[in-house]
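Student: Just passing along the structure, written as structure tokens.
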Amino acid sequence: MSTISPFEPLVLTSPSSSLSFHLLPYGLIPHRLLLSKDGLIHDLLAGPEDPADHHATGRCFFGPVIGRYANRLEAGTCKYVGGQMHVPEWGGENLCLHGGPGAGPGGNAAAELPSIPADTTPLQRGPLDTLVWTPLSSPKLFSAPSDASAVVFGLLHGASEDGPQGTLYFEVRFAVEGPTSVSLPSDVPALGKSAGSVSIAYRAVHAPQAGEKECDITPLNLTHHWAFNLSASSPEAREQEDGTIDAHTLRFFGPEIHTLDLDSRLVPTGKLLDCTKTPGADFATKGPQGYGRKMGESAPQGGHDHWYGWGAGSRQGQLRALLRAESTGIAVSFETDQSGTQLYGAVGQPHPPASLKAGGAKKLAHGGNGTEANAFCSAAFLEFAHPHSTLNHDALRTFAGSDTTLKQGETYANWTRAEVWIA
Numbered sequence: 004m005s006t007i008s009p010f011e012p013l014v015l016t017s018p019s020s021s022l023s024f025h026l027l028p029y030g031l032i033p034h035r036l037l038l039s040k041d042g043l044i045h046d047l048l049a050g051p052e053d054p055a056d057h058h059a060t061g062r063c064f065f066g067p068v069i070g071r072y073a074n075r076l077e078a079g080t081c082k083y084v085g086g087q088m089h090v091p092e093w094g095g096e097n098l099c100l101h102g103g104p105g106a107g108p109g110g111n112a113a114a115e116l117p118s119i120p121a122d123t124t125p126l127q128r129g130p131l132d133t134l135v136w137t138p139l140s141s142p143k144l145f146s147a148p149s150d151a152s153a154v155v156f157g158l159l160h161g162a163s164e165d166g167p168q169g170t171l172y173f174e175v176r177f178a179v180e181g182p183t184s185v186s187l188p189s190d191v192p193a194l195g196k197s198a199g200s201v202s203i204a205y206r207a208v209h210a211p212q213a214g215e216k217e218c219d220i221t222p223l224n225l226t227h228h229w230a231f232n233l234s235a236s237s238p239e240a241r242e243q244e245d246g247t248i249d250a251h252t253l254r255f256f257g258p259e260i261h262t263l264d265l266d267s268r269l270v271p272t273g274k275l276l277d278c279t280k281t282p283g284a285d286f287a288t289k290g291p292q293g294y295g296r297k298m299g300e301s302a303p304q305g306g307h308d309h310w311y312g313w314g315a316g317s318r319q320g321q322l323r324a325l326l327r328a329e330s331t332g333i334a335v336s337f338e339t340d341q342s343g344t345q346l347y348g349a350v351g352q353p354h355p356p357a358s359l360k361a362g363g364a365k366k367l368a369h370g371g372n373g374t375e376a377n378a379f380c381s382a383a384f385l386e387f388a389h390p391h392s393t394l395n396h397d398a399l400r401t402f403a404g405s406d407t408t409l410k411q412g413e414t415y416a417n418w419t420r421a422e423v424w425i426a
């Protein structure tokens, strides 16, 4: 029986779209999103050229799934409605980041990945970004894809001493699709022609194993840590903008856009803030053209690394975020059923970047030379999920319309769609 190749991309295409979406079984990583424009192939996702560098250089989070609980929790005993768990420290003092430590040195992924027979989902443990996911021919929670435009991955995930309890079975469906029916507000100028869209849909159920202690409820809040740069593939734009996303415009949409009040560890206190009154965080503004404001104009203290929310009640076709590069005329609009998104501006990347410490040598399409990595402010990470620490605060549960737990008999569901536009 053949085995899964963790770093061999599965490539999705569709006759109704000009996009090509490359996905890795390791960490469930969107590795490339390719678009042809004006005779040039644009890769809209930042990250390493070599897919294996997502593992070999440590957990640098250029694209993987995050879970079981995104994005930050206070380390120690975590009590929530219906239970409690011990949260390990990783990523900061008295802080648990991105699902906690992996099985390898320093909390990274294990040095050796398991050999998994094709179409099987053996029990695995650890942060979801460090595991090998299985492309499924016969999924249980989604319909089986009928062509090369979609794929469903599965994972059987066991509890550990630290973190959420109970064994869960996950399926995540990726698809390339044609133009959507997203509705643009009247103050947003036309974006041009749709090149199609890509979508991510998550589902999960309890899957207790023989001899396992019964678990009635467990925290769950999934997202993807995908990283966008809409101009780095253009030599002219790359030279003008130094390969950064500072000239990208960004705008969030909703009746009101909030950020989270954070303590000194960047853990939410449970209080919501008006982003228009938070220095450097106003991405509710329409900006001079209607596309939002430039990311490099100003930022909160410490750079762009904050959660922004519009609240519960999103529906298909409702625009929630718009990222655009004026220099290339490429834009991405986002729909989601989640109540907000974390915005991270790659402010943790070293400058100058050293590839072994920054996720590997950057893509050749982004001007890579085989040694230099993705630099400071080289990508806009948009991680759609409910607020961090929602399960710890009544106000955040009300805002999200969810307690971010999964109970026995329930099916977890969460989706995001990104549509690419060419002007």
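To get the working numbering, take the position in the sequence shown, counting from 1, and add 3.
Positions of the beta carbon are idealized from the N, C-alpha and C atoms, including for glycine.
How many Å lie between residue 147 and residue 309 at the Cα?
Tutor: Translated into positions along the sequence shown, residue 147 becomes position 144. Translated into positions along the sequence shown, residue 309 becomes position 306. Computed Cα separation, rounded: 37 Å.
Student: Mapping the DSSP letters down to three states, classify residue 417 as helix, strand or coil.
Tutor: Position 414 of the sequence shown, counted from the first residue, corresponds to residue 417. The answer is strand: DSSP assigns residue 417 an E or B state.
Student: Out of 59, 379, 341, 9, point me to the one whose CA is closest to residue 419's CA.
Tutor: Numbered from its first residue, the sequence shown carries residue 419 at position 416. When each option's Cα is compared against that of residue 419, the closest is 341.
Student: Taking the straight line between their C-alpha atoms, what separation do you get for residue 326 and residue 212?
Tutor: Position 323 of the sequence shown, counted from the first residue, corresponds to residue 326. Position 209 of the sequence shown, counted from the first residue, corresponds to residue 212. About 43 Å.
Student: What separation, rounded to the nearest whole angstrom, lies between the Cα atoms of residue 239 and residue 330?
Tutor: What you label residue 239 is simply residue 236 of the sequence shown in a count that begins at 1. What you label residue 330 is simply residue 327 of the sequence shown in a count that begins at 1. Near 9 Å, if we compare the C-alpha coordinates of residue 330 and residue 239.
Student: Could you please give me the residues that DSSP links to residue 425 through a beta bridge?
Tutor: On the sequence shown, position 422 is the one that residue 425 refers to. According to DSSP, residue 425 bridges with 196, 333.
Student: How big is the Cα-Cα spacing for residue 199 and residue 88?
Tutor: Here residue 199 refers to the residue found at position 196 of the sequence shown. Here residue 88 refers to the residue found at position 85 of the sequence shown. Between residue 199 and residue 88, the C-alpha separation is close to 42 Å.
Student: Would you tell me roughly how many angstroms separate the C-alpha atoms of residue 222 and residue 345, rounded to the nearest one?
Tutor: On the sequence shown, residue 222 is found 219 positions in, with the first residue counted as 1. On the sequence shown, residue 345 is found 342 positions in, with the first residue counted as 1. When rounded, the distance between both Cα atoms is 19 Å.
Student: Where does residue 396 land, buried or exposed, given buried means 16+ other C-beta within 10 angstroms?
Tutor: As a working mapping, residue 396 is identified with position 393 in the sequence shown. Residue 396 should be labelled buried.
Student: Less than 7 Å separating the beta-carbons of residue 384 and residue 230?
Tutor: Along the sequence shown, one-based indexing puts residue 384 at 381. Along the sequence shown, one-based indexing puts residue 230 at 227. Contact flag set, yes.
Student: Return the chain-ordered list of same chain residues with a C-beta closer than 8 Å to the C-beta of residue 315, the five sequence neighbours on each side being excluded.
Tutor: As a working mapping, residue 315 is identified with position 312 in the sequence shown. Cβ within range, chain order: 342, 402, 403, 404, 405.
Student: Can you tell me the Cα-Cα spacing of residue 135 and residue 70, whole angstroms?
Tutor: Position 132 of the sequence shown holds residue 135. Position 67 of the sequence shown holds residue 70. Their backbone Cα atoms lie some 14 Å apart in a straight line.
Student: Looking only at its chain, what residues have a beta carbon closer than 6 Å to the beta carbon of residue 74, apart from the 5 residues adjacent to it on each side?
Tutor: As a working mapping, residue 74 is identified with position 71 in the sequence shown. 345, 391, listed in sequence order.
Student: Rounding to the nearest angstrom, what Cα-Cα distance links residue 244 and residue 332 in this structure?
Tutor: Start at 1 with the first residue of the sequence shown, and residue 244 comes out as number 241. Start at 1 with the first residue of the sequence shown, and residue 332 comes out as number 329. Distance between the alpha carbons of residue 244 and residue 332: 14 Å.
Student: Just how far apart, CA to CA, sit residue 116 and residue 163?
Tutor: The count along the sequence shown starts at 1 and reaches residue 116 at position 113. The count along the sequence shown starts at 1 and reaches residue 163 at position 160. Rounded to the nearest angstrom, the two C-alpha atoms are 18 Å apart.
Student: Please name the residue in 423, 409, 35, 422 whose C-alpha comes closest to that of residue 207.
Tutor: Start at 1 with the first residue of the sequence shown, and residue 207 comes out as number 204. Answer by Cα proximity: 409.
Student: In angstroms, rounded to a whole number, what distance separates the CA positions of residue 249 and residue 411?
Tutor: The residue labelled residue 249 in the question sits at position 246 within the sequence shown. The residue labelled residue 411 in the question sits at position 408 within the sequence shown. Their Cα atoms are separated by approximately 45 Å.
Student: Assign residue 169 to one of two classes, buried (16 or more other C-beta atoms within 10 Å of its C-beta) or exposed (fewer than that).
Tutor: In the sequence shown, counting from the first residue as 1, residue 169 sits at position 166. By the 10 Å Cβ count, residue 169 comes out buried.
Student: Counting Cβ pairs, one atom from each stretch, are 3 or more of them under 8 Å apart for the region 357-368 and the region 286-301?
Tutor: Cβ pair count under 8 Å is below three, so no.
Student: Below 6 Å CB to CB, which residues in the same chain sit around residue 24 once its five sequence neighbours on both sides are set aside?
Tutor: Against the sequence shown, residue 24 aligns to sequence position 21. So the qualifying residues of the chain are 15, 36, 179, 201.
Student: For the beta strand (DSSP E) that residue 165 lies in, which residues bound it at each end?
Tutor: Stepping through the sequence shown from its first residue, residue 165 is reached at position 162. No beta strand (DSSP E) contains residue 165, which DSSP labels as neither H nor E.
Student: Candidates 191, 378, 167: which alpha carbon is nearest residue 292's?
Tutor: Position 289 of the sequence shown holds residue 292. When only C-alpha atoms are compared, the closest one is 191.
Student: With residue 197 and residue 368 assumed to form a contact (beta carbons below 8 Å), what rounded beta-carbon distance in angstroms separates them?
Tutor: For the purposes of this step, residue 197 is taken as residue 194 along the sequence shown, with counting starting at 1. For the purposes of this step, residue 368 is taken as residue 365 along the sequence shown, with counting starting at 1. Not a contact, Cβ separation roughly 22 Å.
Student: Using the rule of at least 16 other Cβ atoms within 10 Å of the residue's Cβ for burial, across every protein chain shown, is residue 109 buried or exposed?
Tutor: Indexing the sequence shown from 1 puts residue 109 at position 106. Exposed.
Student: Taking DSSP's pairing of strands, which residues face residue 208 in a bridge?
Tutor: The count along the sequence shown starts at 1 and reaches residue 208 at position 205. BP columns for residue 208 point to 172.
Student: What ranges does the alpha helix (DSSP H) occupy inside the region 84-148, keeping only unbroken runs of at least 4 residues that lie completely in it?
Tutor: Complete alpha helix (DSSP H) runs here, min 4: none at all.
Student: Keeping to the same chain, check which residues put their C-beta closer than 6 Å to that of residue 299; ignore five residues upstream and five downstream.
Tutor: What you label residue 299 is simply residue 296 of the sequence shown in a count that begins at 1. If we look at residue 299 and ignore the five residues flanking it on each side, its Cβ neighbours are 249.
Student: For the candidate residues 150, 320, 209, whose alpha-carbon lies nearest to that of residue 256?
Tutor: Position 253 of the sequence shown, counted from the start, is the residue given in the question as residue 256. Comparing Cα-Cα distances from residue 256 to each of 150, 320, 209, the minimum goes to 320.
Student: Judging by CA-CA distance, which residue of 18, 31, 20 is the nearest neighbour of residue 9?
Tutor: The residue you call residue 9 lines up with position 6 of the sequence shown. The option with the nearest alpha carbon to residue 9 is 31.
Student: Where residue 297 and residue 27 are concerned, what is the direct C-alpha to C-alpha distance, given to the nearest angstrom?
Tutor: Residue numbering aside, residue 297 sits at position 294 when the sequence shown is read from its first letter. Residue numbering aside, residue 27 sits at position 24 when the sequence shown is read from its first letter. Straight-line Cα distance between these residues: approximately 31 Å.
Student: Give me the residue from 138, 106, 111, 132 with the minimum Cα distance to residue 120.
Tutor: In the sequence shown, residue 120 corresponds to position 117, counting from 1. Residue 120 has its Cα closest to that of 138, out of 138, 106, 111, 132.
Student: So what does DSSP say about residue 51, is it helix, strand or coil?
Tutor: Numbered from its first residue, the sequence shown carries residue 51 at position 48. Here residue 51 sits in strand by DSSP.
Student: Check residue 402 in the structure and name its three-state DSSP category.
Tutor: Reading the sequence shown from its first residue, position 399 is the one you call residue 402. If DSSP states are grouped into helix, strand and coil, residue 402 belongs with the helices.
Student: Starting from the N-terminal side, write out each stretch of the alpha helix (DSSP H) that is 4 residues or longer and does not extend beyond the region 303-361.
Tutor: You should have found no qualifying run.
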